[in-house]
Structure formats: C-alpha cells, structure tokens
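First up is the structure itself, then whatever we jot down about it.
Residue numbers (my numbering): -17 to 516.
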C-alpha cells in the first residue's frame, strides 16, 4: 500500500537525519551551513502522515449503512423461507429451506463483518488524526532551531567595547547546542508521528482482517460446476462460531477448483452423487475439503460413509481433534490435546498435526476414530509401523503421529540442535507439504518494532483467513517451544498452547512485545513465525 511505503520512507529519512545531527553536534560546524542542512531536511519531513481522517470516517459510515441494508435483506429472507418446499436447489446446497437458512446465517455474518470493519476504520481515523496533530508540532521545533542559529551571526568577541567581528566560540557553541536540541526534538516528533501512523495502519490491517473473516459470503469463490448458491451454503459452517473456524479456507477452495478441473466426467458424476447424498452442507464441505487434500474417489466414498451419520457438532469435534465436548466460545477446539509427556520436543509436532488436521479430514478421522481411508499414506506419516497405524486409542495414534512428524522434519536440521525438536524451516516445509497453503519461516526480531508489527499483522490476517500460524518462543537465547495462532479479534490473538492443551486469548500488546509476557507456555520471547507465503 502506498501509505505504508510513504510512512516507512519518511521514518528512514528521519532516523538518518538524527544520526547526521549527532555527528554535527560533535563536529560543531559553522552555523550558516547547518541552517541550510536543517532547512533542507525540514522540507523532507514537511509531509504529514498520509491519509484523510474525515474521508476514512465517511467510509466507516458507508459500511454502517451497508450493514443495515444487508440486515434488512436477512430479515426479509427469514420471513420468506418459512414454508419453502423441501426441494433440492443445487449440487451442494441441499433443500431450499437449508439453503435459505445458510444464506441467512451468512448474511448475519456479513453484518458482523461490516460492523467490525467500520469500527476498525474509525479507530484508524482517530489514531491517524492524532499522528497528524503530532506532526503539526514539527515546524515549531525547526523554527526555534533556525532562530538559534541565526542568532550566532551576532555573537562576536568584544575587546574593550570594540566589536572584533570574531565569533565568540562559547556563545556560538551554546546557541548551536540549543539549535541541535530543537532540531533533534523536531525530528523525534516527526518520527513519533510517522511511527504512530504506521502502528495505526498495522492495527487496521489486523482488525480489518477480522471483519473480512466474518464476510464469508462476500469472499465466496467461483468454483467450476457449482452455482453461487452451492458455494454460499458450503462456506457457512458451524454458524454459531467464529468463521476463523470454518472448514474450507480460500486456499482449500482454490485447490478444490484445480482438483475438479482434473476429474473425468465419470469421476465428476460420482462426486456429485456423493454430495447430493450427504446429509448437510457441513458434510458436503468435509467431502470437498477431503478432495482438496488430494483424495481419490475411493477415499472420498470412504469419507462420505464415515461422516454420513455425524452431526455438525460431531464433525467440529473431529476436525479439532477433540474427542470430548468443545469448550464454549473456543475458536479452535484443541482442549486436552497435548504433546507426548515422555519427551520435551514434540510441541512443534503437536501444533503441526493440529494445523494439518484442519485441512485434511482423513487425518482428523484417523486420529479421532482409527478409521483409515484406503491407500491414505501421507509423507509425514511414512515412519509409522502397521501396529502404530492400528493403534487402539486416540492417544496411541496421536503420539505415533507426533514422532513420525518429528522424524520427518528432523531430516533437515542443518545447524539446528536435535534436542530442540522441529526447526522452523522444517515446520514450514511440512505445513506446505500437508496443506494447500505454502508456508515460510520468518525470524522475529523483537528489537525491531516495525518488523514486529508487520509480522504479527500478517499472522492475524492469516489466522482470520482460516490458516493457523505456528510460532516459536523461548528465552533470551534459544527457541524452546512451539505454539499456534488460530485467530485474532478485538485486540486479542487466540493461541493454542500444546504443553497444557489450552486455548487462550493473548493481548496484542504481549504478542507485539510491548506488554508483560505471560502466555507463552512459560517462555518470554517470540523467536520465529511460520507464516503463509504472501
């Protein structure tokens, strides 16, 4: 975005000039040349942070108006869907009543998304106005600096009341020192204003992603062979929860389109038959998610049989690797799913399995029930023995899968100590291998606030897009633990901690490194993020 580039450019210029002033303070150059330097740089940072708060406020008002209009459509749809005939209206949409109910829920989510986006814009407008006001003080400091320097021309040595026209070094030094102090404060004021604007821009990116995450109908893709109604119904799963938890994210929809294009007419007809026989839009979404994971027709039939008797709640528990009831309000149902207690280096494997199960129903089904689709043998489970494949309990299967994942990722340790478990680049490679999303490992430098804001905004945006983000935490020296970001809303990140199996809401001040760490599984620093490639 152009505003982001402009703010970053001005920040770099301001910091560079601060270093120049430090050099000048030591060298004590002749004041007239320093006036030229100051005036030249004043012109460089004369531009306030980009953006018009009033225009942004107007955009927020427009979103509020749109939200009210959408809500009226939703209410009208609710009235009209009463008594609709039980006829099938699409390949995947189900009956007219089911389709209308799903559309109503989707429209309700749109209203929520529009309201969240409007609120984010208003917060951004207010913060931007504060930054512009702060920048307005810059000229005052530079005016004072120039006044001090101009005064130097009159500071000469007098001998017996006679002006020698020789500069008074003590007086000149004093005025130059005052000028430099004012100029520095002017630059610091500009830096504060630009940093405030950049911080607000990143906050808008995070909060806006939450609004977009709710707007699942607006972002519904076009998929070959499916009507808009088909897709609209299937993007609406688990209607009482946060859409971060939806079954098909945009990367999976893109993979579905590619897989559909590769099917023969006979295979496509068989798939349509499976979709038509499914008992709910959620079951149909499971089948398409299975297709996105690379399943063949035999595996799709196996999955269709396995989920046919499952309710939406049963499927939610399966996909979240939770064999008990979901915790109310959790956006990622991983409670009680913990790392192998016999070793201290499977936290990354646990987080990765949770991530992979969200995009591969075949993995979720096998882990939670022991049912294995025919021929299903993903590369990250290639180290399992037949006995491990046939493990009698969830815990047996999960621990076996943990160690297979660990062995797979340990094949490229490089300089990474084996005792620390999965390296960040290994986690990125495995997440890319086992899901439709390409990941990369990124070093997190908590001494670079601008980088931190950028990376954590990417993480929040990815999680709100339905794509979990592993992250490494540790002490002052070494990464020691891996956790999973699964959502962002209202200034809090939703985080899964595999050591305890808990799901917590962590304030963004902690995640951005400006608060007191207390939610990193006992560790104090973020060291790496494993992010979707942008």
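Cβ atoms here follow ideal geometry from the backbone N, Cα and C, with glycine treated the same way.
- Query: When you compare only the Cα positions, how much space is there between residue 137 and residue 19?
  - Reply: 21 Å
- Query: Exposed or buried, what is residue 425 when buried is set at 16 or more other beta-carbons lying within 10 Å of its beta-carbon?
  - Reply: exposed
- Nearest CA to the CA of residue 123: which residue from 139, 165, 114? 165
- Item | residue 331: first and last residue of the uninterrupted alpha helix (DSSP H) it sits in | 329 to 341
- Give me the Cα-Cα distance between residue 198 and residue 176, rounded to the nearest whole angstrom. 34 Å
- Helix, strand or coil for residue 208 per DSSP? coil
- Message: Taking the alpha carbon of residue 486 as the reference point, which residue from 495, 465, 23 has its own alpha carbon closest?
- Response: 465
- Going straight from the alpha carbon of residue 382 to that of residue 494, what length do you get? 35 Å
- Message: Which same chain residues end up closer than 8 Å to residue 434 when comparing Cβ atoms and leaving out the 5 residues on each side of it in sequence?
- Response: 426, 427, 428, 494, 495
- Query: Got a sec, what are the start and stop residues for the beta strand (DSSP E) residue 465 sits in?
  - Reply: 461 to 471
- Task: Report the partner residues of residue 30 according to the DSSP bridge assignment.
- Result: The partner list for residue 30 (beta bridge, DSSP) is empty, contrary to what the question assumes.
- Local conformation of residue 507 per DSSP, three classes: strand
- Message: Quick check on the burial criterion: 16 or more other C-beta atoms within 10 angstroms. Buried or exposed for residue 364?
- Response: exposed
- Message: Let me confirm a value: residue 404 is counted as buried when at least 16 other C-beta atoms fall within 10 Å, else exposed. Which label applies?
- Response: buried
- Beta-bridge partners of residue 423, as assigned by DSSP: 512
- Item | Pairwise C-alpha distance: residue 126 and residue 135 | 16 Å
- Message: Once the 5 residues before and after residue 62 are set aside, which same chain residues still bring their CB inside 8 Å of it?
- Response: 82
- Beta-carbon separation of residue 330 and residue 339 under 8 Å? no
- Option in 214, 156, 204, 183 with minimal Cα separation from residue 89: 214
- Neighbourhood of residue 189 by C-beta, 6 Å cutoff - its chain only, sequence neighbours within 5 removed: 102
- Going by CA-CA distance only, name the one from 397, 248, 270 that's closest to residue 205. 270
- Reference residue 478, options 462, 451, 458, closest by Cα: 451
- Task: Indicate the three-state DSSP secondary structure (helix, strand or coil) for residue 99 in the structure shown.
- Result: helix
- Message: With H, G and I counted as helix, E and B as strand and the rest as coil, what does DSSP make of residue 247?
- Response: helix
- Check whether the Cβ atoms of residue 107 and residue 180 lie closer than 8 Å to each other. no
- At what residues does the alpha helix (DSSP H) containing residue 376 begin and finish? 376 to 391
- For the candidate residues 505, 463, 481, 449, whose alpha-carbon lies nearest to that of residue 515? 449
- Below 7 Å CB to CB, which residues in the same chain sit around residue 139 once its five sequence neighbours on both sides are set aside? 146, 148, 150
- Task: Kindly indicate which residue of 132, 174, 56, 100 has the alpha-carbon position closest to the one of residue 113.
- Result: 174
- Query: From the DSSP output, which residues share a beta bridge with residue 474?
  - Reply: 471, 489
- Excluding the five sequence neighbours on either side, which residues of its own chain have a C-beta within less than 8 Å of the C-beta of residue 335, listed in chain order? 303, 345, 349, 380, 383, 384, 387
- Item | Terminal residues of the alpha helix (DSSP H) in which residue 151 lies | 151 to 196
- Message: Using a Cβ-Cβ cutoff of less than 6 Å, which residues in the same chain neighbour residue 439 once the five nearest sequence positions on both sides are dropped?
- Response: 184, 187, 188
- Item | Per-residue DSSP class, three states only, for residue 91 | helix
- Message: My assumption, with CB atoms under 8 Å, is that residue 462 sits in contact with residue 412. Please give the rounded CB distance.
- Response: Not quite, the Cβ-Cβ distance comes to about 19 Å (not below 8 Å), so this is no contact.
- Item | Local conformation of residue 365 per DSSP, three classes | coil
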